[in-house]
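**Student:** This structure is in structure tokens; I'll ask about it shortly.
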Amino acid sequence: MHDTQRPQIYALTIIFTALAFTSLCLRLYTRQRILRNLGADDIAIVIAQILSFGVTIATIVQLAIGGLGRHTEFASRDELLAGLKAMYSNLLIYNVAQLVTKISFLIQYRRLFPTAGIRAACLYGMVFLAVWGFIQLFITAFSCIPLEIIVPKWKNRCIPTFPVLNVNAVMNIVTDFMIFLIPCRPVVKLQMANKQKAHLLIVFCLGFFACVISIVRLHELHRTKNSSDPIWDSGATSYWSVIELNVGILCACLPTIRPFIKKFVPRLLGTATQPTNHNYKLSAIPTRVTCKGDAETNIYIHKEVEFQSTTELRSNNAAKPPSWGREDSMDETSIDEVQAKNRAKK
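For the sequence shown, position 245 (counting from the first letter as 1) is numbered 245 according to full-length UniProt numbering, and the numbering increases by one without interruption.
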């Protein structure tokens, strides 16, 4: 029996695509049903997920009929041609999916941090990504003229493939780092406890995990240069590409599903409370700190604490409708939740 990487590639491709899709479903439920605030960033990440399905399908086609995951010497000419066609489609879809995922992050940052500096940085970033994405797509699409790769001929005029793939991979890493650094400074400047600030930083820095995967993919890509067994050696590159793309979608979705977890499984956040015999209850009362932007996007970032007796709490609750600030501390309230509550108060 010949060596094969197919089971490993199949498993990783399906698992990470399923994880990304699950996180997207949770995000859409949270944004639409709980917060009722579906935005452009949500639409962008949906498009990215659809493109991710395209990458997954192209990878599976490479595995099924293109010889991917086997040693090159055991692949027939027809398998090699089918694999080249699927790889060509895979590269095009992958590049567009990466572009849309990055843009979704920038749109999300513009919504969450409505200061002039952040909005400008995100806007310039989107313009740069659009220009670079067009150049990247054009070079990849017309790397061979005519496109002999999609017809059963071997004569063609092509630019060197490896430099193109290498530049694309390096630019993905550079733009990832630039994008994921954007929210760090405004989060550090928030007026909140260091523990809360650290938690928020961790949430926004999840994207750096995608950067690490991009670096691993680049390393695997270098292994295929001048390889004597290209189909076998490109197996790792193919599944790391799928992992990289879907982890990017995961990192875009995970910070948005906190309200879902809080509503259905609050114990995961440590927010479930147990009745006690104490006569006093600690309630957190937020104070608004305004920032540049409209009322819908201002962020409540500071809180004061007061003690009230049980009798006073009952009296207050009977006298007026409950305030969101008396039920949720900043620890338990995401930025998206605050914005939703701001709209509800109008």
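Cβ coordinates follow ideal geometry from the N, Cα and C atoms, glycine included.
Every value quoted in this text rests on a predicted model; they were computed, and no experiment measured them.
1) Compare the beta carbon distance of Thr-72 and Gly-248 with 7 Å and say whether it is the shorter of the two.
2) For Asp-176, which of Gly-83, Ser-104 and Pro-230 has the nearest alpha-carbon?
3) Run through DSSP, which three-state label would Cys-158 get?
4) According to the Cβ coordinates, are Leu-38 and Gln-32 closer than 7 Å?
5) Would you kindly report the start and end of the unbroken alpha helix (DSSP H) that includes Lys-189?
6) Answer yes or no: do Asp-183 and Phe-208 have a C-beta to C-beta separation smaller than 7 Å?
7) Is it true that the CB of Leu-269 sits closer than 7 Å to the CB of Lys-263?
8) In angstroms, rounded to a whole number, what distance separates the CA positions of Asp-229 and Val-61?
9) Three or more C-beta pairs under 8 Å: does that hold for the region 132-145 against the region 181-195?
10) Using DSSP bridges, identify the partner residues of Cys-144.
11) Taking the Cβ atom as the reference point for each residue, do Ile-9 and Leu-51 lie within a distance shorter than 7 Å?
12) With a 10 Å radius around its C-beta and 16 neighbouring C-beta atoms as the bar for buried, classify Thr-13 as buried or exposed.
13) Is it the case that the region 219-234 contacts the region 13-23, given that we only count it when at least three CB pairs across the two stretches are under 8 Å?
14) Using 10 angstroms around the beta-carbon of Gly-133, count the other beta-carbons present and answer buried if the total reaches 16, otherwise exposed.
15) Cutting at 7 Å between CB atoms, please list the residues of its own chain near Gly-235, excluding the five before and the five after it.
16) List the whole-angstrom C-beta distance separating Ala-86 from Ala-130, where the pair is believed to meet the contact cut-off of C-beta under 8 Å.
17) Compute the beta-carbon to beta-carbon distance between Ile-107 and Ala-40, rounded to the nearest angstrom, for a pair I have assumed lies under 8 Å.
18) For Thr-109 and Met-178, what's the separation of their Cα atoms in angstroms?
19) Comparing alpha-carbon positions, which option in Val-46, Leu-81 and Ala-44 lies nearest residue 385?
20) Between which two residues does the alpha helix (DSSP H) carrying Val-247 extend?
21) Could you check where the alpha helix (DSSP H) with His-219 kicks off and where it finishes?
22) Mapping DSSP to helix, strand and coil, what is Ile-98?
23) Quick one: give me the first and last residue of the alpha helix (DSSP H) that Thr-22 is part of.
24) State buried or exposed for Ser-241, treating a residue as buried only when at least 16 other CB atoms are found within 10 Å of its CB.
25) Within the same chain, show all residues whose beta-carbon is closer than 8 Å to that of Val-96, passing over the 5 residues directly before and after it, in chain order.
26) So Tyr-94 packs on Val-55, CB below 8 Å; how close in whole Å?
27) According to DSSP, is Asn-66 part of a helix, a strand, or is it coil?
28) Roughly how many angstroms lie between the CA atoms of Phe-16 and Asn-246, to the nearest whole one?
29) Determine the contact status of Arg-214 and Asn-172, defining contact as a CB-CB distance below 7 Å.
30) Sort Val-174, Leu-218, Leu-254 and Ile-43 by Cα distance to Leu-165 and report the nearest one.
31) Can you give me the C-alpha to C-alpha distance between Pro-7 and Lys-189, rounded to a whole angstrom?
32) For His-222, which residues from the same chain have a beta carbon less than 8 Å from its beta carbon, with the 5 sequence-adjacent residues on both sides left out?
33) Does DSSP put Pro-114 in a helix, a strand or coil?
**Tutor:** In terms of the structure at hand:
1) In the sequence shown, the residue the question calls residue 72 occupies position 72. In the sequence shown, the residue the question calls residue 248 occupies position 248. Not in contact: Thr-72 and Gly-248 (Cβ atoms no closer than 7 Å).
2) The residue you call residue 176 lines up with position 176 of the sequence shown. Ranking the options by Cα distance to Asp-176, first place goes to Ser-104.
3) What you label residue 158 is simply residue 158 of the sequence shown in a count that begins at 1. Cys-158 falls in the strand class under three-state DSSP.
4) Start at 1 with the first residue of the sequence shown, and residue 38 comes out as number 38. Start at 1 with the first residue of the sequence shown, and residue 32 comes out as number 32. Contact: yes.
5) On the sequence shown, position 189 is the one that residue 189 refers to. Where Lys-189 is concerned, there is no enclosing alpha helix (DSSP H), given that its DSSP letter is neither H nor E.
6) Position 183 of the sequence shown, counting from 1, holds the residue named residue 183. Position 208 of the sequence shown, counting from 1, holds the residue named residue 208. Before going further, note that residue 183 is Pro rather than Asp in the sequence given. Contact flag unset, no.
7) Along the sequence shown, one-based indexing puts residue 263 at 263. Along the sequence shown, one-based indexing puts residue 269 at 269. The answer is no: Cβ separation not under 7 Å.
8) Indexing the sequence shown from 1 puts residue 229 at position 229. Indexing the sequence shown from 1 puts residue 61 at position 61. Cα to Cα, the separation comes out at about 19 Å.
9) Segment contact: the region 132-145 against the region 181-195, fewer than three CB-CB distances shorter than 8 Å; contact not assigned.
10) As a first step, residue 144 must be located in the sequence shown, where it is residue number 144. Beta-bridge pairing links Cys-144 to Cys-158.
11) For the purposes of this step, residue 9 is taken as the residue at position 9 of the sequence shown. For the purposes of this step, residue 51 is taken as the residue at position 51 of the sequence shown. The answer is no: Cβ separation not under 7 Å.
12) Position 13 of the sequence shown, counting from 1, holds the residue named residue 13. Around the beta-carbon of Thr-13, 16 or more other beta-carbon atoms lie within 10 Å, marking it buried.
13) no
14) Translated into the one-based positions of the sequence shown, residue 133 becomes position 133. By the Cβ neighbour-count rule, Gly-133 is buried, with 16 or more other Cβ atoms within 10 Å of its own.
15) Mapped onto the sequence shown, residue 235 falls at position 235. If we look at Gly-235 and ignore the five residues flanking it on each side, its Cβ neighbours are Gln-5, Ile-9, Leu-68 and Gly-69.
16) The residue given as residue 86 occupies position 86 in the sequence shown. The residue given as residue 130 occupies position 130 in the sequence shown. No, Ala-86 and Ala-130 are not in contact; Cβ-Cβ is about 27 Å, not under 8 Å.
17) One-based indexing of the sequence shown puts residue 107 at position 107. One-based indexing of the sequence shown puts residue 40 at position 40. Yes, they are in contact, since the Cβ atoms of Ile-107 and Ala-40 sit about 5 Å apart, within 8 Å.
18) Your numbering for residue 109 matches position 109 in the sequence shown. Your numbering for residue 178 matches position 178 in the sequence shown. Reading the sequence as shown, one finds Tyr at residue 109 and not Thr. The straight-line gap from Cα to Cα measures roughly 13 Å.
19) In the structure as shown, the chain starts at 1 and stops at 346, and residue 385 therefore has no counterpart that could be examined.
20) What you label residue 247 is simply residue 247 of the sequence shown in a count that begins at 1. Note, Val-247: alpha helix (DSSP H), 230-253.
21) Numbered from 1 along the sequence shown, position 219 holds the residue referred to as residue 219. Start and end: 207-223.
22) Here the question's residue 98 lines up with position 98 in the sequence shown. The question names Ile, but residue 98 is Gln in the sequence shown. If DSSP states are grouped into helix, strand and coil, Gln-98 belongs with the helices.
23) For the purposes of this step, residue 22 is taken as residue 22 along the sequence shown, with counting starting at 1. According to the DSSP assignment, Thr-22 belongs to the alpha helix (DSSP H) that extends over 6-29.
24) Numbered from its first residue, the sequence shown carries residue 241 at position 241. Buried, since its Cβ has 16 or more Cβ neighbours within 10 Å.
25) Mapped onto the sequence shown, residue 96 falls at position 96. For Val-96, same chain residues with a beta-carbon under 8 Å away, outside a window of 5 residues either side, are Leu-51, Gly-133 and Leu-137 in chain order.
26) Residue mapping note: residue 94 aligns to position 94 of the sequence shown, counting from 1. Residue mapping note: residue 55 aligns to position 55 of the sequence shown, counting from 1. Yes, they are in contact, since the Cβ atoms of Tyr-94 and Val-55 sit about 5 Å apart, within 8 Å.
27) Position 66 of the sequence shown, counted from the first residue, corresponds to residue 66. Looking at the sequence itself, residue 66 is Gly, so the reference to Asn does not match. Here Gly-66 sits in coil by DSSP.
28) Numbered from 1 along the sequence shown, position 16 holds the residue referred to as residue 16. Numbered from 1 along the sequence shown, position 246 holds the residue referred to as residue 246. The alpha-carbon atoms of Phe-16 and Asn-246 are separated by roughly 6 Å.
29) If you number the sequence shown from 1, residue 214 lands on position 214. If you number the sequence shown from 1, residue 172 lands on position 172. First, the amino acid is wrong: residue 214 is Ser here, not Arg. The answer is yes: Cβ separation under 7 Å.
30) Counting from one through the sequence shown, the residue named residue 165 turns up at place 165. Here the closest residue by C-alpha is Leu-218.
31) Counting from one through the sequence shown, the residue named residue 7 turns up at place 7. Counting from one through the sequence shown, the residue named residue 189 turns up at place 189. One C-alpha to the other measures close to 48 Å.
32) Counting from 1 along the sequence shown, the entry for residue 222 is found at position 222. Counting only Cβ-Cβ distances below 8 Å, and skipping sequence neighbours, we find Asn-166.
33) Against the sequence shown, residue 114 aligns to sequence position 114. If DSSP states are grouped into helix, strand and coil, Pro-114 belongs with coil.
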